[in-house]
Amino acid sequence: MKGDSKLGILAFLGATALVLVALVAFARYPSLLRGGKEYHAVFRSVSGLNLGDEVRYGGLLVGSITAMQLDSEDPTRIDISFRVKKNTPVRVDTRASITQVGLLGAPHLNLVTGQSDAAELPPGNTLETEDNLTFQDAMSKLARFLGRADTLFSGAEKIAATSPLERLDRTLVHADSLFMNANRGSQHLFSRLDSANNQLTSVLARTERLVAALDTTVRSARPEIASTQKAMVETLNETRQLVAELRNAMDRGERVEAILRDLSKASDDLARLTNRIEREPLSVLRRQAAPKKR
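Letter 116 of the sequence shown, counting from 1, is numbered 268 in this note's numbering, and no numbers are missing.
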């Protein structure tokens with residue numbers, strides 16, 4: 153009798169425990185009671201997400217997460233299995249993302265609704281996902297940023313400790329002195345260049361005046377040169393005519409050889425002078441006659 157009583161008590165306690173577990177499971181996962189549909193979603197990170205967490209469709213609770221494991225095709229990604237109610241409109245363009253309500257809210261799997269006319273996605277398929285930045289990821293990135301900033305400030309403090317302000321002041325004063333000296337040198341150089349420019353301008357002006365004066369002189373001297381040339385040509389013609397007459401006289405037996413030689417020499421001199429005047433008219437003005445020897 154006592155043994156049967158103990159067995160009855162143990163059976164009652166076991167059944168009670170099973171009922172409590174079933175009630176808790178069905179309360180936690182209502183989709184199990186109604187059956188539902190199972191899908192998959194693959195993410196790079198599931199920080200803060202756990203088994204049994206909620207699955208919401210447009211913010212409405214429709215299911216829960218049933219499994220989490222590494223993706224067989226890509227071990228760097230995580231495959232999440234979740235179950236939703238049968239009447240949940242999971243379509244081919246429905247997307248899954250991990251999100252949370254507020255900064256401190258528990259993360260959950262959210263299904264982003266698709267187009268109402270899109271085809272329904274059969275159970276067992278994998279949904280397209282969106283890797284959203286969670287609060288934990290944001291805090292992790294902020295911590296890394298603060299760590300890098302702390303390292304940067306530490307380096308700046310070391311640089312400041314090894315480079316006293318007095319040394320920096322002396323360097324700045326020395327640089328300022330160099331700039332002032334360079335400025336004075338450049339001003340002196342510009343002054344000399346300006347003076348040379350003025351002198352060159354003055355020389356060019358004098359050269360232009362000289363060229364103008366020479367041009368005026370040439371214009372005024374050309375009539376005199378032309379008249380002189382004409383007179384010389386006439387004299388040359390007369391001399392040649394005289395030579396011809398003297399040759400006729402010589403043919404008649406008269407002794408005029410000496411006169412003929414003198415006239416021929418004078419004719420040659422006049423010809424050379426005429427040619428020089430034709431080539432260089434100004435040579436008559438520049439060249440002075442040589443004094444005659446006594």
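For glycine and all other residues, C-beta sits at the position ideal for the given N, C-alpha and C.
I need the straight-line Cα distance from residue i to residue j, nearest angstrom please.
| i | j | result |
| --- | --- | --- |
| I217 | P274 | 18 Å |
| D223 | V244 | 21 Å |
| S183 | R300 | Caution is warranted here: a pLDDT of 47 is assigned to S183, below 50, making its placement in the model unreliable, and the coordinate value is therefore given only provisionally. Roughly 47 Å separates the two Cα atoms. |
| V171 | E206 | 23 Å |
| M332 | T303 | 39 Å |
| L212 | T228 | 30 Å |
| K189 | P259 | 22 Å |
| F109 | G204 | Nothing in the structure corresponds to residue 109, since the chain is present only between 153 and 446. |
| Y191 | D226 | 18 Å |
| D269 | S249 | 22 Å |
| G276 | T251 | 23 Å |
| A167 | L159 | 12 Å |
| N239 | L298 | 47 Å |
| R221 | L201 | It should be noted that the sequence gives Gln, not Arg, for residue 221. Q221 and L201: Cα-Cα distance of roughly 12 Å. |
| Q267 | V173 | 39 Å |
| S197 | K237 | 25 Å |
When the distance is taken between beta carbons, is residue j closer than 8 Å to residue i?
| i | j | result |
| --- | --- | --- |
| R296 | N262 | no |
| A169 | T278 | no |
| T281 | R247 | yes |
| V253 | E272 | no |
If contacts are defined as beta-carbon pairs under 8 Å, then residue i and residue j qualify, I think. What distance do you get, rounded to the angstrom?
| i | j | result |
| --- | --- | --- |
| T265 | G215 | So it is not a contact: roughly 15 Å between Cβ atoms. |
| A219 | S233 | 4 Å |
| I230 | F195 | 5 Å |
Cβ of residue i within 7 Å of any heavy atom in the ligand NAP?
| i | result |
| --- | --- |
| H192 | No copy of the ligand NAP occurs in the structure displayed, which carries no ligand at all. |
Using a C-beta cutoff of 8 Å, does residue i count as contacting chain C?
| i | result |
| --- | --- |
| Q221 | In summary, chain C is missing from the structure at hand, where a single protein chain is found. |
query: Going along the chain, which unbroken runs of the beta strand (DSSP E) with 3 or more residues stay wholly within the region 216 to 293?
result: 230 to 236, 247 to 252, 259 to 264 and 278 to 282
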